[in-house]
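Q: Have a look at the structure that comes next, please.
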Amino acid sequence: MSSGLIRSVTTDDAAAICEIYNYYIENTCISFEYDPVSVEEMTRRISTTTESYPWIVYEQQGKIIGYAYANKYAVREAYKGTLEVTIYTENGNGEKGLGTKLYQHLFDLIDNTTSAHTLMSIIALPNEASVKLHEKLGFEKAGRFKEVGFKFDQWVDVGHWQKML
């Protein structure tokens with residue numbers, strides 16, 4: 248893997264993150280959003296998330312090619328020890344180890360800056376690459392919900408993967 252920089256996100260990264268994320272919105276069932284996210288909306292999401300949780304980007308030669316962040320898993324108080332983690336990489340960027348490197352850095356930040364006990368990842372299925380990445384990093388399949396999303400004229404299953412810290 249060529250040299251890159253992992254750093255904390257800033258709101259100046261919103262446009263680059265939109266470029267990565269909107270591909271998945273417009274072309275896949277990986278994201279359950281239907282409409283592309285504006286730079287303004289992504290700026291708001293970054294600001295809101297980073298008030299409490301880590302969000303990082305992988306920058307290579309001045310270009311963001313991936314990002315990962317943690318956020319609350321659910322709104323009820325009893326869930327406060329559980330975080331949802333999310334990762335996206337630039338479409339077509341098959342750089343070996345990028346997802347692992349991003350997630351390992353994120354997990355270190357979570358360990359050092361939160362009181363999280365459990366990490367959850369919610370994966371639209373099928374998504375072999377995401378399942379492999381999460382299982383490689385110690386996540387275990389906790390459940391599958393059949394046909395809970397509907398996008399591009401098809402029903403989509405969702406899997407929950409869990410990692411105890």
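In the numbering used here, the protein residues as written are 248 to 412.
From the three backbone atoms N, C-alpha and C, an ideal C-beta is built for every residue, glycine too.
Between the beta-carbon of E331 and the beta-carbon of N318, is there less than 7 Å?
A: Taking the sequence shown and counting its residues from 1, one reaches residue 331 at position 84. Taking the sequence shown and counting its residues from 1, one reaches residue 318 at position 71. Yes, Cβ-Cβ distance for E331 and N318 is below 7 Å.
Q: Look at the alpha carbon of T250 and the alpha carbon of G309, and state the distance between them as a whole number of angstroms.
A: Taking the sequence shown and counting its residues from 1, the one referred to as residue 250 is at position 3. Taking the sequence shown and counting its residues from 1, the one referred to as residue 309 is at position 62. For clarity, residue 250 is Ser in the given sequence; the question names Thr instead. One C-alpha to the other measures close to 11 Å.
Q: Could you give the DSSP three-state label for N374: helix, strand or coil?
A: The sequence position of residue 374 within the sequence shown is 127, counting from 1. Coil, per DSSP.
Q: According to the Cβ coordinates, are V284 and A262 closer than 7 Å?
A: Working through the sequence shown from its first residue, we reach residue 284 at position 37. Working through the sequence shown from its first residue, we reach residue 262 at position 15. Against a cut-off of 7 Å, the Cβ pair of A262 and V284 comes out as no contact.
Q: Can you list, in chain order, the residues of its chain with a C-beta nearer than 6 Å to that of Y300? Leave out the 5 residues immediately preceding and following it.
A: The count along the sequence shown starts at 1 and reaches residue 300 at position 53. Taken in chain order, the residues that qualify are A317 and N318.
Q: Just to confirm my understanding: we take H407, look at its own chain, exclude 5 residues before and 5 after, and list those with CB closer than 7 Å. What are they?
A: Counting from one through the sequence shown, the residue named residue 407 turns up at place 160. For H407, where only same-chain residues beyond five positions count, the Cβ hits under 7 Å are M367, I369, A389 and G390.
Q: Are L349 and G313 closer than 7 Å when you measure CB to CB?
A: By 1-based counting over the sequence shown, the position of residue 349 is 102. By 1-based counting over the sequence shown, the position of residue 313 is 66. In this structure, G313 lies closer than 7 Å to L349 by Cβ.
Q: Considering just the uninterrupted stretch of the beta strand (DSSP E) at K410, what are its terminal residues?
A: Your numbering for residue 410 matches position 163 in the sequence shown. Unbroken beta strand (DSSP E) run through K410: Q401 to M411.
Q: So, helix, strand or coil for K379, using DSSP?
A: Locating residue 379 in the sequence shown gives position 132, counting from the first residue. Of the three classes helix, strand and coil, the one that applies to K379 here is helix, per DSSP.
Q: Quick one: what does DSSP say V395 is sitting in, helix, strand or coil?
A: As a working note, residue 395 is residue 148 in the sequence shown. Here DSSP, grouped into helix, strand and coil, assigns V395 to strand.
Q: Which same chain residues, not among the five before or five after T360, have their C-beta less than 7 Å away from its C-beta?
A: Against the sequence shown, residue 360 aligns to sequence position 113. Closer than 7 Å at the Cβ level, and outside the excluded window around T360, lie P301.
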